[in-house]
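Data block below; observations after.
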Amino acid sequence: MQLNLEPGVPNIARIYDAMLGGKDNFAADREAVARLTEVEPLSPLYARNHREYIGRAVQLVAGYGVRQFLDVGTGLPTMDNVHQIAYRHAPGSRVVYVDNDPTVCAHARALLTGDPGAVAVVAEDLRRPERILEHPETRRLIDFDEPLCVLVTGVLHFIPDEDDPHAAVRVLTDAMGPGSHLVISHITDEEVRRTRPDDNRSGMDVFAKSNAPMHPRARRDIERFFDGLVPVDPGLACISEWHAPDPSDIREDLRNVWLGAVARKP
Ligand SMILES: C[S@@+](CC[C@H](N)C(=O)[O-])C[C@H]1O[C@@H](n2cnc3c(N)ncnc32)[C@H](O)[C@@H]1O
-14 MQLNLEPGVP
-4 NIARIYDAML
6 GGKDNFAADR
16 EAVARLTEVE
26 PLSPLYARNH
36 REYIGRAVQL
46 VAGYGVRQFL
56 DVGTGLPTMD
66 NVHQIAYRHA
76 PGSRVVYVDN
86 DPTVCAHARA
96 LLTGDPGAVA
106 VVAEDLRRPE
116 RILEHPETRR
126 LIDFDEPLCV
136 LVTGVLHFIP
146 DEDDPHAAVR
156 VLTDAMGPGS
166 HLVISHITDE
176 EVRRTRPDDN
186 RSGMDVFAKS
196 NAPMHPRARR
206 DIERFFDGLV
216 PVDPGLACIS
226 EWHAPDPSDI
236 REDLRNVWLG
246 AVARKP
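Position one of the sequence shown corresponds to residue -14 (my numbering), numbered consecutively onward.
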């Protein structure tokens, strides 16, 4: 991923913000969303479904008694941020937000760190996980002897295989103590390739012109992020259906594009 603060170049954090109806985006980002929506009309719905998935995942893990959260690839502050969800279900939780985009970190510091005793923002890169773990703000708020929830949602498909995202996640999960949880979500193109083999229009083209091209993965490669952990039922599933109150509501065409799972460290 190239860090690109040019307002004329669509930026993945701002595209996502625009899809969620946020205000922290530029014309180039909104144009990218318009192009994306032309090819994948359900993209804004996916984005909202995805934030709801994060809400359900954090609620579940808080329900297990986890009180500290490391959210890597935070994104621009938007609907229901992790610390707000955690506070609702587990008052007294501590949250460290990590992002490698300086604009995201500046917005996050302004909006998310109202309680510096409980929330911090770390400007670091998932591809350098040791630096995230060693950062003084991480050390200040996270006790690695206690159960921790690491969230890596909507980020891993922006990291190509040559940067070895599996190894990066493994460094984070190796640092977690027993009873900790990993929350992941990831885009897959397996279903699109199967059902629309001749359709060469793709949302990938939009991201190719952004600061971070997208690298969807096959289901088995997404499952590998959880190696060594025990999946929470139902395992890797469509984010819109994962622990959804009424999975029968899910539109057929929303299935199997964006997958998510939660897993526990024994
Ligand atoms: C689409 S947003 C996802 C936000 C949030 N995690 C969510 O799932 O709703 C992706 C975020 O990941 C950040 N990001 C991308 N690559 C990263 C990396 N290598 N290290 C840290 N953050 C990264 C981007 O800057 C952006 O803010």
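Glycine residues also receive a C-beta, built at the ideal position from the N, C-alpha and C atoms.
Taking 7 Å as the cut-off, does the CB of HIS35 come closer than this to any heavy atom belonging to ligand 1?
yes
Any contact of the segment 39 to 55 with the segment 89 to 99, i.e. 3+ C-beta pairs under 8 Å?
no
To the nearest angstrom, report how far apart GLY188 and PRO232 are at their CA atoms.
25 Å
Does DSSP classify GLY188 as helix, strand or coil?
It is helical.
DSSP state of LEU97, grouped into three classes?
Three-state result, LEU97: helix.
Can you give the beta carbon distance from GLU122 to VAL81, rounded, assuming they're within the 8 Å contact cut?
6 Å
In the structure shown, what three-state DSSP assignment does ASP110 receive?
Correct three-state label for ASP110: coil.
Assign ARG181 to one of three DSSP states: helix, strand, or coil.
coil
Measuring straight from C-alpha to C-alpha, what distance separates ALA197 and HIS142?
Approximately 9 Å, taken between the alpha carbons.
Just the C-alpha distance for ARG124 and ALA19, rounded to the nearest angstrom, thanks.
The alpha-carbon atoms of ARG124 and ALA19 are separated by roughly 41 Å.
Taking C-beta to C-beta, are VAL168 and THR138 nearer than 8 Å?
yes
Which term fits THR180, buried or exposed, when burial requires 16 or more other beta carbons within 10 angstroms of its beta carbon?
exposed
Taking C-beta to C-beta, are ALA160 and LEU111 nearer than 8 Å?
For ALA160 and LEU111, no; Cβs fall outside 8 Å.
Assuming ASP2 contacts GLN53 (C-beta within less than 8 Å), just tell me the rounded distance between them.
Actually they are not in contact, since the Cβ atoms of ASP2 and GLN53 sit about 26 Å apart, beyond 8 Å.
Candidates HIS35, THR22, ASP14, ARG(-1): which alpha carbon is nearest TRP227's?
Looking at the Cα atoms, HIS35 is the closest of the given residues.
Would you mind working out which of LEU21, ILE(-3), ALA47 sits nearest ASP190, comparing C-alpha positions?
LEU21
Please look up how many angstroms separate the CB atoms of LEU244 and ALA222, rounded, as I've assumed it's under 8 Å.
Yes, they are in contact, since the Cβ atoms of LEU244 and ALA222 sit about 7 Å apart, within 8 Å.
Tell me whether ASP84 is buried or exposed, calling it buried when 16 or more other Cβ atoms sit within 10 Å of its Cβ.
buried
Cβ atoms of HIS74 and ALA47: under 8 Å apart, would you say?
For ALA47 and HIS74, yes; Cβs fall inside 8 Å.
Is any heavy atom of ligand 1 found at a distance shorter than 7 Å from the C-beta of ASN241?
No, since every heavy atom of ligand 1 falls outside the 7 Å radius drawn around the Cβ of ASN241.
Quick one: give me the first and last residue of the alpha helix (DSSP H) that HIS68 is part of.
67 to 74
Would you tell me roughly how many angstroms separate the C-alpha atoms of ASP146 and THR59, rounded to the nearest one?
C-alpha separation (whole angstroms): 21 Å.
How about HIS166 and ARG249: are their beta carbons less than 8 Å apart?
Yes; because the gap between Cβ atoms is below 8 Å, this pair is in contact.
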